[in-house]
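Residue numbers (this note's numbering), protein chains in the order written: chain G, 1079 to 1192; chain Y, -9 to 101. Cβ coordinates follow ideal geometry from the N, Cα and C atoms, glycine included.
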């Protein structure tokens, strides 16, 4: 079975550039989550969607970050403009229903902003 | 200035021994708990979950114990193998949608 698919796996770009991370959740899952993982702060929830609708974006660091879910099989996380402190591993996860089902993670996008 | 990262507690065990990884959770109202395993370069991988109406659940070589009185969760791995080396995270359901993750424990298995 296909798991959560993220692309790209690695991204290196210069500060000020726009970065777009992509995620395809597991088919049939109706909740999608974007996380960021760093050595300093561990795993942080940025935003999550339920049935393609953003439910809680309180973890989004600032207005430079935005996320969309145009349909049940695709989501994007965009950073514009990017800064060196945005360097991290970004994970997407999906689950069925709500918080009483396990979230399944992709293998992440390692982002480096120079 | 010097940067300080999260200090991950480390558990070192010999191959073949049993491992016990502990986690203290924060919210007494949490009713769903999950253990994840994260290997280098990969995303967290679901291992086992437990709901608050249970105090023990077993999987293949793994057992999760839940003590709601002291808000404690543990993961027991039987006959630990080199492939079990990873960072292990506990997570609790803090409301109907979000999981709150612990900082993680690094498990090192030596021959």
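Item: By the 10 Å Cβ neighbour count, where 16 or more other Cβ atoms means buried, how is residue 100 of chain Y classified, buried or exposed?; Value: exposed
Item: Measuring only between beta-carbons, confirm whether residue 1182 of chain G sits less than 8 angstroms from chain Y.; Value: yes
Item: Distance cutoff 8 angstroms, beta carbons only. Does residue 1160 of chain G sit that close to anything in chain Y?; Value: no
Item: Can you give the Cα-Cα distance for residue 22 of chain Y and residue 1139 of chain G, rounded to whole angstroms?; Value: 27 angstroms
Item: Just verifying my parser: in three-state terms, what is the DSSP assignment at residue 1120 of chain G?; Value: strand
Item: Could you tell me whether any Cβ in chain C is nearer than 8 angstroms to the Cβ of residue 1120 of chain G?; Value: Chain labels in this structure do not include chain C; the protein chains are G and Y.
Item: Check whether the region 1160 to 1167 of chain G touches the region 6 to 24 of chain Y, taking contact to mean three or more Cβ pairs, one atom from each stretch, closer than 8 angstroms.; Value: no
Item: Which of the residues in the region 1138 to 1167 of chain G, read from start to end, lie with their CB under 7 angstroms from any CB of chain Y?; Value: none
Item: Which residues of the region 88 to 100 of chain Y have a Cβ closer than 8 angstroms to any Cβ of chain G? Give them in chain order.; Value: 88, 89, 91, 93, 94
Item: Measuring straight from C-alpha to C-alpha, what distance separates residue 12 of chain Y and residue 1107 of chain G?; Value: 30 angstroms
Item: Going by DSSP in three states, residue 39 of chain Y sits in which element: helix, strand or coil?; Value: strand
Item: For the region 3 to 35 of chain Y, list every residue whose C-beta sits within 9 angstroms of some C-beta in chain G, in sequence order.; Value: 21, 22, 24, 26, 28, 31, 32, 33, 34, 35
Item: Between residue 1130 of chain G and residue 2 of chain Y, what straight-line distance do the alpha-carbon atoms span, to the nearest angstrom?; Value: 43 angstroms
Item: Would you call the region 1178 to 1186 of chain G and the region 1132 to 1147 of chain G touching, i.e. three or more CB-CB distances under 8 angstroms?; Value: no
Item: Does the beta-carbon distance from residue 66 of chain Y to residue 52 of chain Y come in below 8 angstroms?; Value: yes
Item: Using a Cβ-Cβ distance under 8 angstroms, would residue 83 of chain Y count as near chain G?; Value: yes
Item: Short of 6 angstroms in beta carbon distance, which residues of its chain neighbour residue 1155 of chain G, apart from the five on each side in sequence? Order them along the chain.; Value: 1099, 1112, 1145
Item: Got a sec, what are the start and stop residues for the beta strand (DSSP E) residue 1095 of chain G sits in?; Value: From DSSP, residue 1095 of chain G is part of no beta strand (DSSP E); its letter is neither H nor E.
Item: Just checking: is the beta-carbon of residue 1130 of chain G within a distance shorter than 8 angstroms of some beta-carbon in chain Y?; Value: no
Item: Please name the residue or residues paired with residue 1191 of chain G in a DSSP beta bridge.; Value: G:1091
Item: Measure the CB-CB distance between residue 1172 of chain G and residue 1082 of chain G and report whether it falls below 8 angstroms.; Value: yes
Item: So, is the C-beta of residue 1109 of chain G closer than 8 angstroms to a C-beta in chain Y?; Value: yes
Item: Name the chain Y residues that come within less than 9 angstroms of residue 1185 of chain G, Cβ to Cβ?; Value: 31, 32, 33
Item: Can you name the start and end residues of the beta strand (DSSP E) that residue 9 of chain Y belongs to?; Value: 9 to 14
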